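Colleague:
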Amino acid sequence: MNRTSMLSQLDENKTWDVLIIGGGATGLGTAVDAASRGLSTILIEAEDFAKGTSSRSTKLIHGGVRYLEQGNLKLVREALKERGWLLKNAPSVAHTLGFIIPSFSFMQKLYYGTGLKLYDFLSAKLSLGKPKFISRKTIEKISPAIDQKNLKGGIVYYDGQFDDARLAINLANTAVQYGAVLINYCEATALLKKKIKPTDKQEKVCGAIAYDYVNNKTFEIKSKTVINATGVFVDDILQMDNKDVADIVTPSQGIHLVVDKKFFPGDHALMIPKTDDKRILFAVPWHNKVVLGTTDTEIEDITDEPVPLKEEIDFVLNHANRYLKTNITLNDVCSMFAGLRPLVKTNGVTNTSMLSRDHIIIVSTSDLITITGGKWTTYRKMAEDAVNNAIFIAKFSYKHPVTKNLAIHSSAFDAINYDDAVEKIYSAGNIKKFVEEEMAVSIEDILARRTRLLFLDVRKALQAAPTVAKTMAAVLQKNEEWIQTEIDSFTDVAKNYLP
Ligand SMILES: Cc1cc2nc3c(=O)[nH]c(=O)nc-3n(C[C@H](O)[C@H](O)[C@H](O)COP(=O)(O)OP(=O)(O)OC[C@H]3O[C@@H](n4cnc5c(N)ncnc54)[C@H](O)[C@@H]3O)c2cc1C
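When the letters of the sequence shown are read in order and numbered with my numbering, they come out as residues 254 to 752.
(1) Helix or strand or just coil, what does DSSP make of Ile-684?
(2) With DSSP as the reference, identify every bridge partner of Asn-481, one or two as the case may be.
(3) Measuring straight from C-alpha to C-alpha, what distance separates Ala-425 and Ala-284?
(4) What residues match up with Asp-416 in a beta bridge as DSSP calls it?
(5) Look at Lys-657 and Trp-269 and say whether their C-beta atoms are less than 7 angstroms apart.
(6) Would DSSP call Ala-701 helix, strand or coil?
(7) Measuring from the CB of Thr-306, is there a heavy atom of ligand 1 at a distance below 6 angstroms?
(8) I'd like the span of the alpha helix (DSSP H) that includes Arg-594, first residue to last.
(9) For Gly-682, is the beta carbon positioned less than 6 angstroms from some heavy atom of ligand 1?
(10) Grouping DSSP H, G and I as helix and E and B as strand, with all else coil, what is Ser-695?
(11) Any idea what DSSP makes of Met-725, helix, strand or coil?
(12) Between Asp-286, Glu-300, Lys-515, which has its C-alpha nearest Asp-698's C-alpha?
(13) Along the alpha helix (DSSP H) that carries Asp-488, what are the first and last residues, could you check?
(14) Using only the heavy atoms of ligand 1, determine whether one of them is closer than 6 angstroms to the beta carbon of Glu-473.
(15) Roughly how many angstroms separate the alpha carbons of Ala-747 and Met-589, rounded to a whole number?
(16) Give the DSSP-derived three-state secondary structure of Phe-386 in the structure shown.
(17) Over what stretch of residues does the alpha helix (DSSP H) that includes His-572 continue unbroken?
(18) Tell whether a beta-carbon distance below 7 angstroms holds between Asp-412 and Ser-308.
(19) Using the C-alpha atoms, what's the distance from Val-271 back to Lys-446?
(20) For Met-493, which residues from the same chain have a beta carbon less than 7 angstroms from its beta carbon, with the 5 sequence-adjacent residues on both sides left out?
(21) Which partner residues does Ser-476 have in the DSSP bridge list?
(22) Could one say the Cβ of Ser-258 lies closer than 7 angstroms to chain C's Cβ atoms, at least one of them?
(23) Report yes if the C-beta distance between Arg-389 and Leu-404 is below 7 angstroms; otherwise report no.
(24) Please name the residue, chosen from Pro-752, Leu-350, Lys-677, that lies closest to Arg-712 on a Cα-to-Cα basis.
(25) Hey, how far is the Cα of Asp-710 from the Cα of Glu-265?
(26) Apart from the five residues on each side of it in sequence, which residues of its chain come closer than 7 angstroms, Cβ to Cβ, to Leu-562?
(27) Can you tell me whether DSSP reads Gln-730 as helix, strand or coil?
(28) Could you give the distance in angstroms between the alpha-carbon of Glu-733 and the alpha-carbon of Leu-715?
(29) In three-state DSSP terms, what is Glu-551?
(30) Within its chain, find whatever has a CB closer than 7 angstroms to the CB of Glu-335; leave out the 5 residues flanking it on each side and keep chain order.
(31) What's the call for Gly-460, buried or exposed, on a 16-neighbour Cβ count within 10 Å?
(32) Tell me the DSSP bridge mates of Ala-463?
(33) Closer than 6 angstroms: is that where the CB of Trp-629 sits relative to any heavy atom of ligand 1?
(34) Near Arg-419, what residues of its chain come up, given a Cβ to Cβ distance below 6 angstroms and the 5 sequence neighbours on each side ignored?
(35) By DSSP's criteria, Val-543 is part of a beta bridge. Which residues make up the other side?
(36) For Gly-507, list the residues DSSP reports as bridge partners.
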């Protein structure tokens, strides 16, 4: 997957079957689905792949125990199927993980135990293992950081865990293997529209105007269908199509704090089943660190670099500390990050934690297809639904989707050991591969998404930045000024991850 070779396939005279706007989980999944069904596919992403919400998740592949409690069995069952397929198709970035729910009374144990039995039952043949009641002693053994005070034992159940941005890059590579063209740092600035027949009253979308930030070039992409997969930004594209349509997304912010593994040793995650705002909070081991989160805060500003709020940080620390023997403080936080959920507005629902996690597809009168909502876990199904709509609209000959059993590209970078020396991880050979095979354009792409150092340890990432910039400059034949600009802009972004 090479950016220069992608650009060389652009041809303003060509009409693509499918143009996808947005290179997060939804857009990349859609590119894989469309290309693997034989449709000529192009995707443009305004920034880097997964720069938005898709690199900022809790890293869980799950049916959503919370949605079970809300009675949304359909959503849970669908997500559990997706969980099973994703774990099989992307083993280099996704695996099964045991979760402990501590219980403080017999009734609590019974309640969660029954719920989790149903959760496992709904996964049918794709079960990851039956939930088990465990004693207080077993908890002490497998997860020694959990506070034993008043503890009456607990339950272990199984879900999936993954590296979100690595999966995104691997999906991009998979789409390219099937012939798709994907371009990052390339923004859709306007939609192309025309009347298909002179007698038509309504203009239909037939492509977009795109701006390539790397080469400072504008070009037209013509296509038979256009899919808007821009996450929390879908309203911008909907309003490019029709300036009078109302917003459909309510953005909700969730934050995570990353701490050293010593605060939560062991191979299991902790699931706190009821927070003060009646949600769930996790402590999840990830790349030899622990991710604590998340929150659900309705937010006004939609930006590509959301920042954790002080009350959110306090909320996560307070809840985690209630269940742990040690007291984690802000000084212990290695990195923090925030993401925005693209939740679909529902009449009468004002609390974002109660908004549905289902995805929706809207087909505008111009035939613009918009897909949003959903979860990382359900990206494959979302993609399938979006492409089915494209097939219907453009009357392409129908081909069955093949992604349930489609192996997703893997890479040696999926197994990076972040305890290795910075010089080893960011060797000239690796940086050449990030640039030439994974389309990294900036040092932030390398430090935040091709590798996850920014998310795991912001200070270590800041220390590594000059080495990465110098090595990348040598690969790209850039000068000292480029090196300094890269370091400065990375430092600016990294400030948001510093506790
Ligand atoms: C805090 C938090 C925790 C979560 N945890 C989980 C979890 O553990 N498991 C799970 O399954 N799900 C989780 N989710 C949900 C999941 O992360 C999202 O549903 C998913 O990442 C959304 O992907 P997306 O592609 O729709 O949006 P995004 O990832 O935001 O992608 C949209 C892309 O469109 C691009 N774009 C915008 N405008 C344009 C334009 N004009 N031209 C070109 N490109 C454009 C943006 O730059 C962006 O990269 C979580 C979400 C949050 C916020």
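All C-beta atoms in this analysis are idealised placements derived from N, C-alpha and C, irrespective of residue type, glycine included. Remember, predicted model here, so these are calculated numbers, not experimental data.
Modeller: So, from the listed chains and residues:
(1) Working through the sequence shown from its first residue, we reach residue 684 at position 431. Reduced to three states, the DSSP call for Ile-684 is helix.
(2) Against the sequence shown, residue 481 aligns to sequence position 228. For Asn-481, which the question treats as bridged, DSSP gives the partners Ile-274, Thr-623.
(3) Counted from its first residue, the sequence shown places residue 425 at position 172. Counted from its first residue, the sequence shown places residue 284 at position 31. Approximately 8 angstroms, taken between the alpha carbons.
(4) Working through the sequence shown from its first residue, we reach residue 416 at position 163. Asp-416 pairs with nothing; no bridge assigned.
(5) Indexing the sequence shown from 1 puts residue 657 at position 404. Indexing the sequence shown from 1 puts residue 269 at position 16. It is not a contact, given that the beta carbons lie outside the stated cut-off.
(6) In the sequence shown, the residue the question calls residue 701 occupies position 448. Correct three-state label for Ala-701: helix.
(7) As a working note, residue 306 is residue 53 in the sequence shown. True, at least one ligand heavy atom lies under 6 angstroms from that Cβ.
(8) Position 341 of the sequence shown, counted from the start, is the residue given in the question as residue 594. Here Arg-594 belongs to no alpha helix (DSSP H); instead the beta strand (DSSP E) covers 586-597.
(9) Residue 682 sits at position 429 when you count from the first residue of the sequence shown. Every heavy atom of ligand 1 is 6 angstroms or more from the Cβ of Gly-682, so no.
(10) Translated into positions along the sequence shown, residue 695 becomes position 442. The answer is coil: DSSP assigns Ser-695 none of H, G, I, E or B.
(11) Within the sequence shown, numbered from 1, the residue matching residue 725 stands at position 472. Helix.
(12) For the purposes of this step, residue 698 is taken as the residue at position 445 of the sequence shown. Nearest of Asp-286, Glu-300, Lys-515 to Asp-698, Cα basis: Glu-300.
(13) Your numbering for residue 488 matches position 235 in the sequence shown. Run containing Asp-488: 487-494, per the alpha helix (DSSP H) assignment.
(14) Here residue 473 is taken as the residue at index 220 of the sequence shown, counted from 1. Result no, Cβ not under 6 angstroms from ligand 1.
(15) For the purposes of this step, residue 747 is taken as residue 494 along the sequence shown, with counting starting at 1. For the purposes of this step, residue 589 is taken as residue 336 along the sequence shown, with counting starting at 1. Spanning the two alpha carbons is a distance of roughly 10 angstroms.
(16) Taking the first residue of the sequence shown as 1, we reach residue 386 at position 133. Phe-386 falls in the strand class under three-state DSSP.
(17) For the purposes of this step, residue 572 is taken as residue 319 along the sequence shown, with counting starting at 1. Taken as a continuous stretch (DSSP letters only), the alpha helix (DSSP H) holding His-572 covers 563-576.
(18) In the sequence shown, counting from the first residue as 1, residue 412 sits at position 159. In the sequence shown, counting from the first residue as 1, residue 308 sits at position 55. No, Cβ-Cβ distance for Asp-412 and Ser-308 is not below 7 angstroms.
(19) Against the sequence shown, residue 446 aligns to sequence position 193. Against the sequence shown, residue 271 aligns to sequence position 18. Going by the C-alpha atoms only, they are around 15 angstroms apart.
(20) On the sequence shown, residue 493 is found 240 positions in, with the first residue counted as 1. Ala-443, Leu-444.
(21) Within the sequence shown, the letter at position 223 stands for residue 476. In DSSP, Ser-476 forms a bridge with Trp-269.
(22) Annotation note: the requested chain C is absent from the structure, which comprises a single protein chain.
(23) Here residue 389 refers to the residue found at position 136 when the sequence shown is read from its first residue. Here residue 404 refers to the residue found at position 151 when the sequence shown is read from its first residue. Their beta carbons are under 7 angstroms apart, which means Arg-389 touches Leu-404 by this criterion.
(24) What you label residue 712 is simply residue 459 of the sequence shown in a count that begins at 1. Ranking the options by Cα distance to Arg-712, first place goes to Pro-752.
(25) In the sequence shown, counting from the first residue as 1, residue 710 sits at position 457. In the sequence shown, counting from the first residue as 1, residue 265 sits at position 12. If you take the alpha carbons of Asp-710 and Glu-265, they lie about 43 angstroms apart.
(26) Here the question's residue 562 lines up with position 309 in the sequence shown. Closer than 7 angstroms at the Cβ level, and outside the excluded window around Leu-562, lie Thr-550.
(27) Numbered from its first residue, the sequence shown carries residue 730 at position 477. Gln-730 falls in the coil class under three-state DSSP.
(28) On the sequence shown, residue 733 is found 480 positions in, with the first residue counted as 1. On the sequence shown, residue 715 is found 462 positions in, with the first residue counted as 1. Roughly 18 angstroms separates the two Cα atoms.
(29) Residue 551 sits at position 298 when you count from the first residue of the sequence shown. Of the three classes helix, strand and coil, the one that applies to Glu-551 here is strand, per DSSP.
(30) Walking along the sequence shown from the start, residue 335 turns up at place 82. Once the five neighbours on either side are set aside, the close Cβ partners of Glu-335 are Thr-630, Thr-631, Arg-633, Lys-634.
(31) Reading the sequence shown from its first residue, position 207 is the one you call residue 460. That one is buried.
(32) Taking the sequence shown and counting its residues from 1, the one referred to as residue 463 is at position 210. Partner(s): Ala-441, Phe-472.
(33) The sequence position of residue 629 within the sequence shown is 376, counting from 1. Yes.
(34) Indexing the sequence shown from 1 puts residue 419 at position 166. Taken in chain order, the residues that qualify are Val-346, Asp-667.
(35) In the sequence shown, counting from the first residue as 1, residue 543 sits at position 290. In the DSSP output, where bridge partners are listed per residue, Val-543 has Val-512, Pro-538.
(36) The residue given as residue 507 occupies position 254 in the sequence shown. Its beta-bridge partners are Gly-592.
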